[in-house]
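K.L.:
Take a look at this one; I'll ask things after.
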Amino acid sequence: MGLLLAAVAAAALLLLVVFLFQHRLMYFPDRTRPDPVLAGLHGVIEGHVTTEDGLRLLTWTVPPAGDDKPVLLYLHGNGGNLLHRAPRIQCFAALGWGVVMLEWRGYGGNRGSPSEPGLLRDARAALAAIAEAGIPASRIVLWGESLGTGIAVALAAERPDAVAAVLLESPYTSMLALAARHYRWLPARWLLRDRYDSLARIGGITAPILIMTGGRDWLVPPSMGDALAAAARAPVERWNVPEAGHNDLGAAGAVGAAAEFLGRHSRHR
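Just so we're aligned, residue 809 is where the sequence shown starts under our numbering, counting upward by one.
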């Protein structure tokens, strides 16, 4: 009986630790402030947006090359900071696209701590700033990367008339589904606070959607992209690279695939 009680107590303690420190298992911020010049980027403008709860967040912006070019709101994944997306912003600029890369709360020198409600506030502030700059909804495109796909889906479903297209790179159905897949021994349904339930929300999007996945993605299986596509009500396209993993879709041609998609489904030619 004593051993059983000790085992139960140890399991309860483990679950308590996981519950209290779950954000450390989900978010991996590089908290240093990134410098675009040190990253070799030229023409990138450092700016800020202010959230509804008063946080001033860093942005990297590249103006569009013309009034017929899309403007991307780029929502990055759970690791690193904007510095790790420098090659991506170079690709966008080479196409003449405008881009606002948002740095999440708790990342890149920003105050605050990441959470699902907080990141959604961050994205709302950046979307509002783009609209306030005079960019019409017909030119605004959301690009979500990994964790950022959950925020992109939530924002596009919340503001269906505010964006022209939604691009999802390595998307998951929900964080609960991912936790159940990778931590089968945990009662994730009872522990997880930030659930990012894209499967439940994607039906609220009216803009065209591109879902990009890698066939060798060990973290987020491409079958989750298939499930999201099946649940979408808006026009949706799938782009899957069988040999690609979770972090190398850019090298596999994701930006080119996105450009072709926007050419078919938006006014940007």
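For glycine and all other residues, C-beta sits at the position ideal for the given N, C-alpha and C.
#1: By the three-class DSSP mapping on this structure, what secondary structure does Ala873 have?
#2: Between Gly1053, Arg1009 and Ala1015, which lies nearest to Pro1030 when the distance is taken from Cα to Cα?
#3: Suppose the cutoff is 7 Å on Cβ atoms and the five residues either side in sequence are ignored; what does the same chain contact list for Arg1041 look like?
#4: Which parts of the stretch 930 to 974 are runs of the alpha helix (DSSP H), unbroken and 4 residues or longer, counting only runs that do not cross its ends?
#5: Please state whether DSSP places Pro922 in a helix, a strand or coil.
#6: Where do the N-terminal and C-terminal ends of the alpha helix (DSSP H) with Ile1017 fall, by residue?
#7: Just to confirm the assignment, what range does the beta strand (DSSP E) spanning Arg1046 have?
#8: When we look at the beta-carbon of Gly914 and count the other beta-carbons within 10 Å, is it buried (16 or more) or exposed?
#9: Apart from the five residues on each side of it in sequence, which residues of its chain come closer than 7 Å, Cβ to Cβ, to Pro759?
#10: Going along the chain, which residues of its own chain have a beta-carbon closer than 7 Å to the beta-carbon of Asp1002, five neighbours each way excluded?
#11: Which class does Leu883 belong to by DSSP, given the choice of helix, strand or coil?
#12: Ordered along the chain, which non-local residues of its own chain (more than five positions away) have a Cβ less than 7 Å from that of Arg1104?
#13: Which two residues bound the contiguous beta strand (DSSP E) that contains Val908?
P.N.:
This is what the structure gives:
#1: coil
#2: Gly1053
#3: Gly1011
#4: 955 to 966
#5: coil
#6: Per DSSP, Ile1017 belongs to no alpha helix (DSSP H); it is in the beta strand (DSSP E), Ile1017 to Gly1022.
#7: Val1044 to Val1049
#8: buried
#9: In this structure the chain extends from 809 to 1077, so residue 759 is not present and cannot be described.
#10: Met834, Ser923, Glu924 and Met983
#11: strand
#12: Residue 1104 falls outside the range modelled here, since the chain spans only 809 to 1077, and no answer is possible.
#13: Gly906 to Leu910
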